[in-house]
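Engineer:
Numbering (UniProt numbering), first residue to last: 1 to 227.
1. Take residue 181 as the anchor and find which of 50, 168, 56 and 137 has the nearest alpha-carbon.
2. Tell me whether the beta-carbon of residue 175 lies closer than 8 Å to the beta-carbon of residue 164.
3. Does the distance from the CB of residue 184 to the CB of residue 170 come in under 8 Å?
4. Could you check what DSSP says for residue 184 in three-state terms: helix, strand or coil?
5. Measuring alpha carbon to alpha carbon, tell me which of 12, 166, 36 and 106 ends up nearest residue 84.
6. What residue range is occupied by the uninterrupted beta strand (DSSP E) comprising residue 67?
7. Using 8 Å for Cβ pairs, my map puts residue 74 next to residue 60. What's the rounded Cβ distance?
8. How far does the alpha helix (DSSP H) with residue 42 in it extend, from its first residue to its last?
9. Between the region 84–103 and the region 18–25, are three or more C-beta pairs nearer than 8 Å?
10. Just the Cα atoms here: how many angstroms apart are residue 29 and residue 93?
11. Quick one: grab the DSSP three-state call for residue 164.
12. Using the DSSP secondary-structure output, state which residues sit across from residue 137 in a beta bridge.
13. In terms of residue numbering, what span does the beta strand (DSSP E) encompassing residue 175 cover?
14. Could you tell me which of 146, 25 and 47 sits nearest to residue 79, measuring between CA atoms?
15. Rounded to whole angstroms, what's the CA-CA distance from residue 130 to residue 187? Just pull it up for me.
16. For residue 49, which residues from the same chain have a beta carbon less than 8 Å from its beta carbon, with the 5 sequence-adjacent residues on both sides left out?
So this is what it looks like as structure tokens:
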């Protein structure tokens, strides 16, 4: 006997939980869907080595959630998806996920504060680690490269990320898509910008006329000082 698979809600395909779908208004929700859709295209498009079946599923889901072309379909799927919140099982699972998320966010904040303490204290902790033969590996987002080259077609997002390995006597650096590191003896790492200073939409969307200006506002002395 063949069991028919239950059709998934398009919002579920885009990885959105019913609570988020309920809290955001239509316009903001559709902007979020478009941003996720563009990321999915970079990952699953057949021309980029992605899964054709997954790409088709995502395209159909986006078509059903296209607020500009199919507003009624968008609202119907949204209404049905929000109704899932009334299910006791889903509500319990949601509360458990919230508790896990709060715990992970707490640990994440502790780790970020520890890193900033190391940077502010003149790398005292790192110097001690270096004496023990240890190092520090960082993955950074190169804002300058993004400002200069993000407008070009067929640019992969990996180009904007760089890996650094800091040691006592030298620094190893490579771009995210490179296999091997390059060794630098006199490499100076000036600083970094806190994640809270960057809006995620800037990294997901490319059609921003004032994008470069917004990034210039972040590159200031104050941006490198911890509040």
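Every residue gets a Cβ at the ideal spot worked out from N, C-alpha and C, and that includes glycine. None of these values were measured; they are calculated from a predicted model.
Structural biologist: Taking the coordinates as given:
1. 137
2. no
3. yes
4. strand
5. 12
6. That residue, residue 67, is in no beta strand (DSSP E); it is neither H nor E in DSSP.
7. Their Cβ separation, rounded to whole angstroms, is 14 Å, which puts residue 74 and residue 60 out of contact at 8 Å.
8. 26–44
9. yes
10. 23 Å
11. strand
12. 165
13. 171–175
14. 25
15. 16 Å
16. none
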